[in-house]
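>
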Amino acid sequence: MWFPAFLLSAIPLVHGSSAQLPSFPLAVKTPYLSAWLPRNQAHDVPSAQPEFWKGQPLTWKILARVNNATVALFGCPDDDIARANQSAISYTATHTLITLQAPESAIQFHLDFFSPVSTTDFARQSIPYSYLTVSVEGATDKDEIHVLTAIDETWSAQPGRMVMEWLEGHHSQSFIIKNYHQSHASEDDDDMATWGRMVLSSNMSVHTSYQSAPRTEILTQFSAHGRLSFQTDGYAEGHLIAFAHHFVDFASSSVTFAIGLQQDLNGFFGEEYETLYFEPMWPETEDVVDHFFADEADARRESAELDRQVREIGERWSPEYADLLESTIRQIWGTIHISIPWGEKETSYHIGFMKALSAGGHVSTVPDLLISTLPALYVLAPDYIPLLLAPVLNMTMQWQEDYAVRDIGKHFPNATGPTVHDKDASPVQQTSALLTMVYATKKLSEKANWTKVFLPTLQKCADYLVQHGQYPLAEPSVFDNSESRANQTLLSISAVIGLKSFAALSGLSNYSDIADVYASTALQLGTDSDQTHFIFHFGGDSSSWISAWPLAYDRLLDLEAFPESVYSMQSRWYETVIQPHGLQYSSATNHTVAQLAMMVAAVSSEKVRGSIVKSLHHTLMSSIASVPGPNSWPISGPDAGKKSLTQAQAAVGGYWMLAAVNMSTEKDMFVNIHQQAFLGGGGDQVPV
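For reference, each letter of the sequence shown is one residue, going -16 to -1, 1 to 672 in mature numbering (1 follows the signal peptide of the UniProt record, and there is no 0).
1) Entirely within the region 331 to 375 and at least 3 residues each: give me those beta strand (DSSP E) ranges in chain order.
2) Please classify Y261 as buried or exposed, where buried requires at least 16 neighbouring CB atoms within 10 angstroms.
3) CB V294 to CB E268, shorter than 9 Å?
4) Looking only at its own chain, which residues have a Cβ that is under 6 Å from the Cβ of Y113, when we skip the five neighbours before and after it?
5) Just the Cα atoms here: how many angstroms apart are Y368 and L361?
6) Under 9 Å between the Cβ atoms of L224 and S196?
7) Determine the burial state of S2: buried for a count of at least 16 other Cβ atoms within 10 Å of its Cβ, exposed for fewer.
8) Please state if the CB of L604 and the CB of M582 are separated by a distance shorter than 9 Å.
9) Using the beta-carbon count (16 or more within 10 Å), is S606 buried or exposed?
10) What residues are listed by DSSP as bridge partners for W617?
11) If you run the structure through DSSP and keep just helix, strand and coil, what is W640?
12) Using the DSSP secondary-structure output, state which residues sit across from N69 in a beta bridge.
13) Give the DSSP-derived three-state secondary structure of K591 in the structure shown.
14) What is the DSSP secondary structure of T516, reduced to helix, strand or coil?
15) Taking just the CA atoms, how far does H395 sit from P(-5)?
16) Once the 5 residues before and after I320 are set aside, which same chain residues still bring their CB inside 8 Å of it?
17) Quick check on DSSP: helix, strand or coil for P264?
18) When you compare only the Cα positions, how much space is there between L540 and A644?
19) Could you pull out every unbroken alpha helix (DSSP H) segment of at least 4 residues lying fully inside the region 437 to 499, listed in chain order?
20) Please go through the same chain and pick out, in chain order, the residues whose beta-carbon is closer than 6 Å to the beta-carbon of I161, but skip the five residues on each side of it.
21) Short check: CB of S610 to CB of P22, under 9 Å?
22) Output yes or no for whether 9 Å exceeds the beta carbon distance between G251 and A169.
23) Quick one: is V480 buried, meaning 16 or more other Cβ sit within 10 Å of its Cβ, or exposed?
24) Determine the extent of the beta strand (DSSP E) in which Q92 is found, giving its start and end residues.
25) Under 7 Å Cβ to Cβ from S526, same chain only, skipping five residues before and after it: list those, please.
26) When you compare the CB positions of V101 and S238, do they come within less than 9 Å of one another, or not?
27) In three-state DSSP terms, what is V190?
28) Of all the options V412, E256 and E559, which has the alpha carbon lying nearest to the alpha carbon of V350?
29) Could you tell me whether any non-hydrogen atom of the ligand GTP is closer than 8 Å to the CB of H517?
30) Hey, how far is the Cα of A624 from the Cα of H565?
31) Beta-carbon within less than 6 Å of G(-1)'s beta-carbon, same chain only, minus the 5 sequence neighbours each way: which residues are those?
32) Whose C-alpha, out of V587, S552, A585 and N615, is nearest the C-alpha of V577?
33) Output the boundary residues of the alpha helix (DSSP H) element that contains L308.
34) Near I619, what residues of its chain come up, given a Cβ to Cβ distance below 6 Å and the 5 sequence neighbours on each side ignored?
35) Could you check what DSSP says for Q660 in three-state terms: helix, strand or coil?
36) Return the Cβ separation of N69 and E128 in integer angstroms, given the expectation that the two are a contact with Cβ distance under 8 Å.
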């Protein structure tokens, strides 16, 4: 089934932002299918080299043959081919859009790199495939136009060990390259998967040809004929797998291809194998590909609505904030893994994991990744919060410590459990974060009855905060490398928020009373002598200071843990310390943590909010290194606003805190956004 242009173009897309991302997402669906276009190559895409999120080069070529002349459209850095003239690049929440013009011609090509994001449909979201659509504009019946797309085994991290297979479904056809001799699933090499199969697919059409052959042979064949040879054997290292399409009707002048990285075994939960959510519905590769193409129109409709919604939310504050929100969506959902037990024939028992990209590859780290991502899910996709919390709660319930787990595995996608005596443990911070997130789920919907079974475990966690929250023991900071110290003010504030959350969740008011006492302690001992700002630790240097980001959760969840005067105090202080490249995390560091700065902005004055948004936007869209989605960088010195300390992290979900805090008081819009998904289905099916 080939979806003609008139069908696809009938689905409205918002105009893409022209802001210049550090790196543009191309095919970003999982931690392993994560292809990006660095900004420093984004103005000459015919010569560009796309990259894996970690920086490894990927081969992904797109060429056209226009009236017997071959033209490079994308990804041809080493090919001696005429280049199309690029006129635009832009992005929405789910699309990256590139426009080029054939040399000495009025014919334009539009490349649409579309990674579907579903806030409600777990099956659609779990399919590890992305679309590439090539459209032609300005051609006449006298023009002869063909397009080609090709990849190779650079996507696999297994060069020289791959074989090729050809598959045909009912409506689709696919090349697969994989290692038949792999002995272990769920392993990677420098974060690239060493198991599974790369898939390049097209709809079946008499106008589509294909070939597997050496690069020069394919390019020669395409340049000479516009068609490929249909060769599907003799694959070897260095070969391309390619599809070519002939446009014969310019009333329907677009063609869509699919690229995917499919893995049958997708890690462990405890000691049991997991597989992806979609597997029972489409167990074979050809079934998945057939469905993926058949679902394209519906996926585009959903994405068009999401694109519109994200832009509209951001524009309520500023165009710069809208640009930032749009940049987060594929980065967040591209780290989420929705799975069911291996061998299951239905999907009622499903859970979610996240990979901590550029942070050790740990699974669902609680005190940084999950708590930072939550604001985006709170606004757009409430069903994802219990999905991600369920495995964390299950493992917290089973493990021997009195506080919450830090993570549920050290090597994604293997959620084999927390590490006892973990050197990275931050017990107060991770326990406070878990209690806060569980209450956020309950606050979103009273239907979240699944939390009741975990109340004894959560009370154990709350009791840990009662014992250690007023005067916290020394533990490492989650977001910087500063020295571990006892009585850190930030930990005390977090403990207050966690205790207030548990009190609201359980109805046990004595925990709220205790939190009030601890809040008074933090204000008395954790501020400078003139009470102008929070300091690093109780009784510390009055010139020290912190970004008191947990206050955003106090405001978001209406906990009233701290008086309004505290917000005003901090806001006045931030005005004095913010710099052109952002708000540094604390006086002990020289870097910003962008998602936490945005949480600070959410509960600060309009002036501080505007300064933070503008500083982040300026740095990200103009000066920072060309890497995927950085969210931390130096704010002074020679590397200020240039050197990225992180990349591709889903923690950018914290940018949504400004929207979440304000929208929680604007009930009409909040309900409108959640009307299609409000913890009614998936939220009640979280396993125990």
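We put the CB at the ideal spot given by N, CA and C, even for glycine. Owing to the predicted nature of the structure, the values given are computational and were not obtained by experimental measurement.
With the given structure in hand:
1) Runs of beta strand (DSSP E) with 3 or more residues, each lying fully within the region 331 to 375, are found at 335 to 338, listed in chain order.
2) Counting from one through the sequence shown, the residue named residue 261 turns up at place 277. Around the CB of Y261, 16 or more other CB atoms lie within 10 Å, so the residue is classed as buried.
3) Locating residue 294 in the sequence shown gives position 310, counting from the first residue. Locating residue 268 in the sequence shown gives position 284, counting from the first residue. Annotated as distal: V294 and E268, with beta-carbon spacing of 9 Å or more.
4) Your numbering for residue 113 matches position 129 in the sequence shown. Scanning its chain for C-beta atoms nearer than 6 Å, with the 5 sequence neighbours on each side dropped, one finds around Y113 the residues A242, G244 and F276, in chain order.
5) Taking the sequence shown and counting its residues from 1, one reaches residue 368 at position 384. Taking the sequence shown and counting its residues from 1, one reaches residue 361 at position 377. For Y368 and L361, the distance between alpha carbons rounds to 7 Å.
6) Counting from one through the sequence shown, the residue named residue 224 turns up at place 240. Counting from one through the sequence shown, the residue named residue 196 turns up at place 212. Yes, Cβ-Cβ distance for L224 and S196 is below 9 Å.
7) Start at 1 with the first residue of the sequence shown, and residue 2 comes out as number 18. S2 comes out exposed.
8) Walking along the sequence shown from the start, residue 582 turns up at place 598. Walking along the sequence shown from the start, residue 604 turns up at place 620. Not closer than 9 Å, so no.
9) In the sequence shown, counting from the first residue as 1, residue 606 sits at position 622. By the neighbour-count definition (other C-beta atoms within 10 Å, threshold 16), S606 is an exposed residue.
10) Along the sequence shown, one-based indexing puts residue 617 at 633. According to DSSP, which records beta bridges pairwise, W617 is partnered with T576.
11) Position 656 of the sequence shown, counting from 1, holds the residue named residue 640. Correct three-state label for W640: helix.
12) The residue you call residue 69 lines up with position 85 of the sequence shown. Paired residues: Q85.
13) Position 607 of the sequence shown holds residue 591. Correct three-state label for K591: helix.
14) Within the sequence shown, residue 516 is the residue found at index 532, counting from 1. When secondary structure is reduced to three states using DSSP, T516 falls in the coil class, being assigned neither helix nor strand.
15) The residue given as residue -5 occupies position 12 in the sequence shown. The residue given as residue 395 occupies position 411 in the sequence shown. In this prediction, P(-5) scores a pLDDT of 43, lower than 50, which makes its location untrustworthy; no coordinate-derived value is stated.
16) Indexing the sequence shown from 1 puts residue 320 at position 336. Counting only Cβ-Cβ distances below 8 Å, and skipping sequence neighbours, we find Q109, G336, F337, M338, Y368, L372 and A634.
17) Here residue 264 refers to the residue found at position 280 when the sequence shown is read from its first residue. The three-state secondary structure of P264, taken from DSSP, is coil.
18) The sequence position of residue 540 within the sequence shown is 556, counting from 1. The sequence position of residue 644 within the sequence shown is 660, counting from 1. For L540 and A644, the distance between alpha carbons rounds to 7 Å.
19) Those alpha helix (DSSP H) runs which fall completely within the region 437 to 499 and span 4+ residues are 439 to 452 and 473 to 490.
20) Indexing the sequence shown from 1 puts residue 161 at position 177. So the list reads E137, M146, M148 and M182, once near-sequence residues are dropped.
21) For the purposes of this step, residue 610 is identified with residue 626 of the sequence shown, where counting begins at 1. For the purposes of this step, residue 22 is identified with residue 38 of the sequence shown, where counting begins at 1. Contact: yes.
22) As a working note, residue 251 is residue 267 in the sequence shown. As a working note, residue 169 is residue 185 in the sequence shown. Taking 9 Å as the Cβ cut-off, G251 and A169 qualify as a contacting pair.
23) As a first step, residue 480 is located in the sequence shown; it is residue number 496 there, counting from the start. Buried.
24) For this step, residue 92 is matched to residue 108 along the sequence shown. Q92 -> beta strand (DSSP E) spans Q92 to F98.
25) On the sequence shown, residue 526 is found 542 positions in, with the first residue counted as 1. For S526, where only same-chain residues beyond five positions count, the Cβ hits under 7 Å are D512, S513 and I519.
26) The residue labelled residue 101 in the question sits at position 117 within the sequence shown. The residue labelled residue 238 in the question sits at position 254 within the sequence shown. Cβ atoms of V101 and S238: not closer than 9 Å.
27) Taking the sequence shown and counting its residues from 1, the one referred to as residue 190 is at position 206. Three-state DSSP puts V190 in coil, outside helix and strand.
28) Here residue 350 is taken as the residue at index 366 of the sequence shown, counted from 1. Residue nearest to V350 within the set V412, E256 and E559 is V412 (criterion: CA-CA distance).
29) The ligand content of the structure shown is nil, which means the ligand GTP is not present either.
30) Position 640 of the sequence shown, counted from the first residue, corresponds to residue 624. Position 581 of the sequence shown, counted from the first residue, corresponds to residue 565. If you draw a straight line from the Cα of A624 to the Cα of H565, it is about 7 Å long.
31) For the purposes of this step, residue -1 is identified with residue 16 of the sequence shown, where counting begins at 1. Cβ contact annotation for G(-1) (same chain, cutoff 6 Å, sequence separation greater than five): S74, Y75, T76 and L81, in chain order.
32) Numbered from 1 along the sequence shown, position 593 holds the residue referred to as residue 577. Distances from the CA of V577 to each of V587, S552, A585 and N615 were compared; the closest alpha carbon is that of N615.
33) As a first step, residue 308 must be located in the sequence shown, where it is residue number 324. Element bounds for L308: P303 to W317.
34) Position 635 of the sequence shown, counted from the start, is the residue given in the question as residue 619. Result list for I619: Q563, H565, G566, Q568 and T576, in chain order.
35) One-based indexing of the sequence shown puts residue 660 at position 676. Confidence at Q660 is low in this model, with a pLDDT of 45, below 50, so its placement is unreliable and no value can be given for it.
36) Here residue 69 refers to the residue found at position 85 when the sequence shown is read from its first residue. Here residue 128 refers to the residue found at position 144 when the sequence shown is read from its first residue. Not a contact, Cβ separation roughly 20 Å.
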